[in-house]
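In the numbering used here, the protein residues as written are 2 to 170.
From the three backbone atoms N, C-alpha and C, an ideal C-beta is built for every residue, glycine too.
Read through the structure below, which is laid out as structure tokens, and then see the notes.
Below, the structure written as structure tokens:
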């Protein structure tokens, strides 16, 4: 039941938050493409691929630029993560908060996405082809938020069969 004014306010807050990380990008166009991609992820676009986001969002970014942003463009991930963690601690931190750790699995049809394997998929409630991510969160009286995550890499991704695929990704 969000009103248009609520959506506009959320969009402004997301944009402002994104701009906090300006110095973590090596080039200004990376920040711009990053904001477009983030906006696309938060939009109602049904399939959130780089191509669909680039085509659907009303921006000058091309499909190729958006794909390169995700695959080859570099930014200072460690600085970005640290800044996010500091902001989360500043805004939500209390003496009685706690750290949470949980996994989430994402079903996948193919086998080429990094870390995909036949493993337990909580989303499907059975063993299935999926990626698994470990999420670290913070919960306190002032609220909750994610503070880190890591893709789980099944052992089979380090065998000879996956060597070429690992080098591609």
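Measure how close the beta-carbons of residue i and residue j come, nearest whole angstrom, since I'm counting them as under 8 Å.
i           : j           : result
residue 52  : residue 97  : Not a contact, Cβ separation roughly 45 Å.
residue 107 : residue 132 : 5 Å
residue 1   : residue 111 : Outside the shown range of the chain (2 to 170) lies residue 1, about which nothing can therefore be said.
Tell me whether residue i sits in a helix, a strand or coil according to DSSP, three-state version.
i           : result
residue 41  : helix
residue 128 : strand
residue 63  : coil
residue 136 : strand
residue 9   : helix
residue 147 : strand
Let's test the definition: count the other Cβ atoms within 10 Å of the Cβ of residue i and tell me whether it reaches 16, buried, or not, exposed.
i           : result
residue 169 : exposed
residue 34  : buried
residue 80  : exposed
From the options, pick the residue whose C-alpha is nearest to that of residue i; which is it?
i           : options              : result
residue 60  : 9, 39, 102 and 8     : 39
residue 113 : 67, 4, 165 and 2     : 165
residue 103 : 144, 28 and 148      : 148
residue 144 : 163, 156, 161 and 88 : 88
Which parts of the stretch 67–125 are runs of the alpha helix (DSSP H), unbroken and 4 residues or longer, counting only runs that do not cross its ends? Within the stretch 67–125, the complete alpha helix (DSSP H) runs of at least 4 residues are 78–93.
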